[in-house]
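With our numbering, the residue at position 21 of the sequence shown is 105, and numbering never jumps.
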Amino acid sequence: MTRSDGNRRPNRPDRPGNDSMREKSAAAPRGLMAKYAEFQAWADERRSHAVVEPEHIEAGRRGMALGIDFGAAFFVSMIVMMIPFVNRAVDANFVMLTMMCVRDYFYGGRGLGKNLMGLRVVDIFNGQAPSFKAVLIRNAVYIGPLLLLETLNLTLRFIPLPQLTTIVSQLANPLAGLYLLVILPVECYRSYRREDSMRLGDELAGTCVLEADTDFTGFLTK
Numbered sequence: 085m086t087r088s089d090g091n092r093r094p095n096r097p098d099r100p101g102n103d104s105m106r107e108k109s110a111a112a113p114r115g116l117m118a119k120y121a122e123f124q125a126w127a128d129e130r131r132s133h134a135v136v137e138p139e140h141i142e143a144g145r146r147g148m149a150l151g152i153d154f155g156a157a158f159f160v161s162m163i164v165m166m167i168p169f170v171n172r173a174v175d176a177n178f179v180m181l182t183m184m185c186v187r188d189y190f191y192g193g194r195g196l197g198k199n200l201m202g203l204r205v206v207d208i209f210n211g212q213a214p215s216f217k218a219v220l221i222r223n224a225v226y227i228g229p230l231l232l233l234e235t236l237n238l239t240l241r242f243i244p245l246p247q248l249t250t251i252v253s254q255l256a257n258p259l260a261g262l263y264l265l266v267i268l269p270v271e272c273y274r275s276y277r278r279e280d281s282m283r284l285g286d287e288l289a290g291t292c293v294l295e296a297d298t299d300f301t302g303f304l305t306k
């Protein structure tokens, strides 16, 4: 049995509020894309002053280098955790994240993983090993939020306010997770698919990864 026309409910017109919400939801991605385009234009203009031409690096080699660095950072963190008193102030995650953040400063921009894979991070404006500041900027783009979160958790240990600690943790953890959910795919896409293999961290720090000879003669950058 079908419902007669007289019993049909008239279509409800869209409310003005619904249109406004749809416009805002559509404007958010456009705003992000516009900001990204502005950033890329700034990066391209800045790169016009570079003396080094970035090159595409095979994804497998970069992945192997990253895995080696993670393994080395884990090993160092285990050693540090055996040191009395130090293991009370920091934990293994903090040590590991710190090592991953500064790893490219050693062996003239090679670190351990890149050194074994025949790769090196260089400053695109002078072709030399990156400065400590550049290394921090380069890796802080995706490691920084985790390191800040770990630092926050370590700091909250010394604050005798359990409720405050819980609130801050509940706010900080999702924010850090959301940031990583956005930034990691972008960084992976740029490093593995772009012809220059430059991550956002490279653009900000003025660095790039190049083919290089393995060299373990100098631990610290001169």
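Think of the CB as a built atom: it goes at the ideal place given N, C-alpha and C, for glycine as much as any other residue.
- Closest option to residue 144, judged by alpha-carbon separation, among 256, 263 and 198: 198.
- Residue pairing by DSSP places residue 295 opposite 203 in a beta bridge.
- In the same chain as residue 180, and ignoring 5 residues on each side of it, the C-beta atoms closer than 7 Å to its own belong to 157, 158 and 161, in chain order.
- Annotation: the segment 167–214 contains the following complete segments of the beta strand (DSSP E) (minimum length 3 residues), in chain order: 203–207.
- DSSP places residue 265 within a helical segment (H, G or I) once states are collapsed to three.
- Distance from the CA of residue 236 to the CA of residue 176, rounded to the nearest whole angstrom, comes to 15 Å.
- For the pair residue 184 and residue 119, the Cα-to-Cα distance works out to about 28 Å.
- In this structure the segment 206–216 lies against the segment 134–153, because at least three pairs of beta carbons, one per stretch, are closer than 8 Å.
- Cβ neighbours of residue 275 within its own chain (closer than 6 Å, five residues either side excluded): 281 and 283.
- Residue 142: not part of any alpha helix (DSSP H); DSSP gives it neither H nor E.
- Fewer than three pairs of CB atoms, one per stretch, sit closer than 8 Å, so the segment 216–228 makes no contact with the segment 243–250.
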